[in-house]
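Residue numbers for the sequence shown follow the UniProt record's numbering, beginning at 1 and rising by one.
This report concerns only the one structure given below.
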Amino acid sequence: HGCDQILRKKSNFFENFFFGSKKKNFTKIKQLFLNYKKKIINDIEQNGIVFIDEIDKICRSQNYNNNFEISREGVQRDLLSLVEGCTVLTKYGNINTDNILFIASGAFHSYKPSDLIPELQGRFPIQIKLKPLNIKDFKKILIEPKFSLIEQYKKLILTEGLNIEFTKCGIYNIAKSAFILNKTYENTGARRLHTILENLLEEISYNANKITNTKIIIDSKYVKKKIKIK
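Structure below.
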């Protein structure tokens, strides 16, 4: 796709730059781009990895009798041909999926992996059950990534002219709240942290122009006040 854009943008430039027989140089450059595109397609075919998230959303119940359930099975069968290996026609050229590695994941709250059609199950022979996120995991998600959730929300509130600081105890209680809520209600994984932070900072964000104190501390007391857990 990038090669196509470069060719379109630079086409007029090269045509105006090279005169007479020198226009052949542009043809050579264009051919180089086309050859490079072929190399990219070959790399995808030999080393490509496709990750399919939320595959449980296309599971069907054992006793299905409605069009919605039937359409889910249809999606599985369409996916099966790709996983088994076939040639797919794209606007960038034909791509063969024989050697592409397919990895799938899902929460499987309402369904089980065995609710997938047997043929598709057979194409994912290695199954691993992951442990639920614990408090320590949630803490890592909050602070360790380069663009962590804590840093993102600090930058977001900073656009309102306010500085927020999360204490260690405050971060711990956010992680603890996420763990308890996931265990008590629907387990939404790390997404729970977004919900908690939105609830914590909603009032601050909406009333930013009325807040005179430019530095706000998010500690354990503040978290417990805003996130009430039964």
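For glycine and all other residues, C-beta sits at the position ideal for the given N, C-alpha and C.
Note to self: Tell me which residue opens and which closes the beta strand (DSSP E) that residue 51 is part of.
What the structure shows: 49-52
Item checked: Reduced DSSP category for residue 207 - H, G, I as helix; E, B as strand; rest coil -> coil
Check: Who pairs with residue 88 in a beta bridge, going by DSSP?
Finding: 95
Note to self: Please classify residue 76 as buried or exposed, where buried requires at least 16 neighbouring CB atoms within 10 angstroms.
What the structure shows: Residue burial annotation: residue 76 is buried, with at least 16 other C-beta atoms found within 10 angstroms of its C-beta.
Next item on the list: Can you give me the start and stop residues for the alpha helix (DSSP H) that residue 157 sits inside?
Entry: 149-158
Check: From residue 14 to residue 91, what distance separates their C-alpha atoms?
Finding: For residue 14, the predicted structure reports a pLDDT of 49, less than 50, and the residue's modelled location is therefore unreliable. A value from the coordinates is still provided. Distance between the alpha carbons of residue 14 and residue 91: 25 angstroms.
Notebook entry, point to check: For residue 198, which three-state DSSP category applies?
Noted result: Helix at residue 198.
Check: Per DSSP, what kind of secondary structure is residue 33 in: helix, strand or coil?
Finding: helix
Notebook entry, point to check: So what does DSSP say about residue 144, is it helix, strand or coil?
Noted result: coil
Notebook entry, point to check: How long is the line joining the alpha carbons of residue 7 and residue 30, rounded to whole angstroms?
Noted result: With a pLDDT of 47 at residue 7, under the threshold of 50, the predicted position of this residue should be treated as unreliable, though the coordinate-derived value follows. When rounded, the distance between both Cα atoms is 7 angstroms.
Margin query: Quick check: what's the CA-CA separation for residue 53 versus residue 193?
Written below: 19 angstroms
Item checked: Separation of residue 94 from residue 86, as counted between CA atoms -> 10 angstroms
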